[in-house]
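Per mature numbering (1 follows the signal peptide of the UniProt record, and there is no 0): the sequence shown = residues -20 to -1, 1 to 137. Where is the CB? At the ideal position from N, CA and C, for every residue including glycine.
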Amino acid sequence: MKRIILLAAITVFGVATSNAQTAKKTAKKADTPAKVETPKVDGAGMVFENETIDYGTIPHNADGKREFVFVNNGNKPLVIESTQGSCGCTVPSKPEGAIAPGAKGVIGVKYATDRVGPFTKTVTIKSNAVGQETKVVTIKGTILPDAPADAAAPTKS
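In structure tokens, the structure reads:
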């Protein structure tokens, strides 16, 4: 009888230890961020971190500069030929020179935040990227009006 109890205790302890080790390994895997593999392209490639920049709700005349960051996921240099905003209020800038395979690049954009209200604008990028020679990215947000001057002044009693 003692042997059966001892054998059962050893089995239970072994299963509990095994379950604890499995749970520990699973928790460790959950803490490690999953590495997202960028697909490789034969030729020049362009993969953006974000294709939409949301300014959110910002004050009138706030800083309108933002950046679209991308990686050349190809095996040949990427050349950005041109960038064009959808209107005069959206002014993009392109990197000068070629972006090497595996290297990061930046498309700058400046929105005229002197215009009040919601906005959605695009930037068209022309490049030698295989399969996406013309790429469109988006900016959006809302510009708040200035507060009335008398609303900011404290009331005298």
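For SER62, the enclosing beta strand (DSSP E) has its first and last residue at 60 to 65. In the DSSP assignment, LYS20 forms no beta bridge with any residue. The beta-bridge partner set that DSSP reports for GLU76 is empty. When the Cα atoms are used, ASP34 and LYS84 turn out to be separated by approximately 21 Å. The beta carbons of VAL21 and VAL49 sit no closer together than 7 Å. When secondary structure is reduced to three states using DSSP, ASP94 falls in the coil class, being assigned neither helix nor strand.
Setting aside the 5 residues that flank it on each side, LYS101 is surrounded in the same chain by GLY65, SER66, CYS67, CYS69, THR70, TYR91, THR118, ILE119 and LYS120, each with a C-beta closer than 8 Å to its C-beta; the list follows chain order. A distance below 6 Å between beta-carbons, with the five flanking residues on each side excluded, links PRO39 to the following residues of its chain, in chain order: LEU124. Across the set ARG46, PRO75 and VAL110, the C-alpha of PRO75 shows the shortest separation from the C-alpha of THR63. In the three-state DSSP reduction, ALA83 falls in the coil class, being neither helix nor strand. Comparing alpha-carbon positions, the option among ASN55, ASN53, ASN41 and GLU31 lying closest to GLU47 turns out to be GLU31.
Spatial neighbours of LYS106 in its own chain (CB-CB distance under 7 Å, excluding positions within 5 residues in sequence) are listed in chain order as GLU61, SER62, GLU113 and THR114.
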